[in-house]
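J.: Residue numbers (full-length UniProt numbering): 1 to 346.
What follows is a structure written as structure tokens; I'll ask about it next.
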Amino acid sequence: MLDLPTWQRSLTPTFGVPAPGQYRARPEDFIVDEQLDFTPEEHGEHLWLRLEKRNQTTLDVVKLLGRLCGVTPRDIGYSGMKDRVAVARQWLSVHLPGREAPEDLTATLGTAGVTVLAMARHPRKLKRGVHRTNHFTLRLSGDAVRPNDLLPRWEALCAQGVPNYFGHQRFGAGARNLQRAAAVLAKGWRKRDDRQGMMLSTARSFLFNELLSARLADGNWCQPVAGDTLMLDGTQSVFTIDDVEERLVARAAALDVHPTGVLWGVGGGAGGDAGRYEAQLAARHPALCAGLEQSGVKRGQRALRARLIAPQATFEQESVLLSFALPRGSFATAVIGELIHHPDTA
């Protein structure tokens with residue numbers, strides 16, 4: 001049975017294990033605001049709604065909107081999944097060709113704890129992964145937030161970036177999603193057993209975290225190695241290197257490019273030192289790697305590091321308020337886990 005290990009953290013060698021702390025004591029302590037780089041065109045078959053939700057998952061809101069608008073979940077689009085215990089703001093779209101939304105939609109959503117912040121028409125459905133960043137406002141408390149302890153850690157993260165781990169929530173309570181993924185891949189992945197591809201995603205996320213942890217242990221998680229595929233900061237543009245040049249080392253130090261790790265699947269593997277890490281990963285988890293290849297999912301790349309965008313820290317009497325943005329797909333819990341010790345980010 002697969003369990004989640006304790007993955008390496010970037011700041012532990014310098015500062016030691018962080019002291020215990022708390023986060024998300026209430027939804028208002030974890031605010032996430034999804035940022036698109038475009039706005040709806042004010043016409044079209046799809047009604048786009050910018051919503052604010054509390055104590056609900058994105059899929060909870062999808063089901064509610066479908067019921068209120070008389071459509072199926074596949075008629076509703078969203079870019080990213082947002083946390084349940086949080087105040088989360090994001091766009092969703094509802095396919096309503098030739099008809100308007102119910103007159104009482106805003107009021108009915110409000111009684112269910114969902115606030116409509118904006119509403120506009122657009123020609124197309126909102127697709128997954130089209131937002132550029134998520135902006136977070138987080139309140140941390142506990143022993144770990146003493147300024148003398150937390151401030152050096154925070155400044156180090158701002159300077160070097162954050163290990164781009166997938167958060168523990170990806171693997172489910174007690175790693176149940178990971179165990180289900182292993183079982184599905186062991187018997188042979190089938191679309192009907194995994195309609196949304198969540199089991200594939202869970203397995204790939206676990207393998208990525210394993211590779212990132214190995215490179216953290218070796219001290220080269222944010223530095224290019226031979227054979228690496230590098231990603232330009234703020235984009236999904238990548239290029240592969242055969243050898244490490246001084247100019248690339250300087251660009252990585254300036255957070256202009258980031259080494260990437262494999263999202264396991266079908267496709268050519270890395271060479272050089274980067275290929276060695278992939279070979280070690282395949283040797284440690286042969287069943288997961290083989291199952292993913294047999295599923296036909298295509299190989300991808302994910303940055304090993306995320307840069308904190310516009311980071312700010314405000315120390316209060318017994319807590320600290322952090323404000324920053326991360327690229328889409330990056331987890332705020334990866335930041336929190338470098339600053340405090342908490343079971344959800346261990």
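C-beta atoms are modelled at their ideal positions from N, C-alpha and C, and glycine is treated no differently.
For clarity, every value in this text was computed on a predicted model and none was experimentally measured.
1) Spell out the partners DSSP gives G77 in its beta bridges.
2) Measuring straight from C-alpha to C-alpha, what distance separates H342 and G98?
3) Could you have a look at W154 and say whether DSSP puts it in helix, strand or coil?
4) Out of L117, F171, G161, T72, state which residue places its alpha-carbon closest to the alpha-carbon of L255.
5) Of the choices L207, D75, R305, whose alpha-carbon is the least far from that of R299?
6) What separation, rounded to the nearest whole angstrom, lies between the Cα atoms of R176 and H43?
7) Using a Cβ distance threshold of 8 Å, determine whether the segment 6-26 contacts the segment 207-218, with at least three qualifying pairs required.
8) Starting from L248 and walking both ways along the alpha helix (DSSP H), at which residues does that stretch end?
9) Hey, W189 and L178 are a contact pair by Cβ (cut 8 Å); roughly how many whole angstroms apart?
10) In terms of DSSP beta bridges, what is Q312 paired with?
11) For A25, which of L64, A303, D273, R84 has the nearest alpha-carbon?
12) Beta-carbon within less than 8 Å of L308's beta-carbon, same chain only, minus the 5 sequence neighbours each way: which residues are those?
13) Using the C-alpha atoms, what's the distance from I241 back to Y277?
14) Quick check on the burial criterion: 16 or more other C-beta atoms within 10 angstroms. Buried or exposed for D233?
15) Under 6 Å Cβ to Cβ from P40, same chain only, skipping five residues before and after it: list those, please.
16) Is the segment 67-78 in contact with the segment 102-116, if contact means three or more CB pairs nearer than 8 Å?
17) When the Cα of R124 is compared with those of A313, D75, T111, M81, which residue comes out closest?
18) State yes or no: is the C-beta of D344 within less than 9 Å of the C-beta of H168?
T.: Quick look at the numbers:
1) In the sequence shown, the residue the question calls residue 77 occupies position 77. Per DSSP, S93.
2) Here residue 342 refers to the residue found at position 342 of the sequence shown. Here residue 98 refers to the residue found at position 98 of the sequence shown. When only Cα atoms are considered, H342 and G98 end up about 50 Å apart.
3) By 1-based counting over the sequence shown, the position of residue 154 is 154. Helix at W154.
4) Here residue 255 refers to the residue found at position 255 when the sequence shown is read from its first residue. Checking every option, the nearest Cα to that of L255 belongs to G161.
5) The residue you call residue 299 lines up with position 299 of the sequence shown. Each of L207, D75, R305 was checked against the Cα of R299, and the nearest Cα belongs to L207.
6) Along the sequence shown, read from residue 1 onward, the residue named residue 176 stands at position 176. Along the sequence shown, read from residue 1 onward, the residue named residue 43 stands at position 43. Rounded to whole angstroms, R176 to H43 spans 43 Å at the Cα level.
7) yes
8) Here residue 248 refers to the residue found at position 248 when the sequence shown is read from its first residue. Under the DSSP assignment, L248 falls in the alpha helix (DSSP H) whose first and last residues are 246-253.
9) Here the question's residue 189 lines up with position 189 in the sequence shown. Here the question's residue 178 lines up with position 178 in the sequence shown. So it is not a contact: roughly 15 Å between Cβ atoms.
10) Along the sequence shown, one-based indexing puts residue 312 at 312. According to DSSP, which records beta bridges pairwise, Q312 is partnered with S323.
11) Counting from 1 along the sequence shown, the entry for residue 25 is found at position 25. Answer by Cα proximity: R84.
12) Along the sequence shown, read from residue 1 onward, the residue named residue 308 stands at position 308. Cβ within range, chain order: L157, C158, G161, V162, F324, A325, L326, V335.
13) Sequence index remark: in the sequence shown, residue 277 carries index 277 (1-based). Sequence index remark: in the sequence shown, residue 241 carries index 241 (1-based). If you take the alpha carbons of Y277 and I241, they lie about 15 Å apart.
14) Counted from its first residue, the sequence shown places residue 233 at position 233. Buried, by the Cβ-count rule.
15) For this step, residue 40 is matched to residue 40 along the sequence shown. The residues are W48, A120, H122.
16) Judged by Cβ distances under 8 Å, the segment 67-78 makes contact with the segment 102-116, as three or more pairs qualify.
17) Along the sequence shown, read from residue 1 onward, the residue named residue 124 stands at position 124. Checked all of A313, D75, T111, M81; the closest Cα to R124 is D75.
18) Position 344 of the sequence shown, counted from the first residue, corresponds to residue 344. Position 168 of the sequence shown, counted from the first residue, corresponds to residue 168. For D344 and H168, yes; Cβs fall inside 9 Å.
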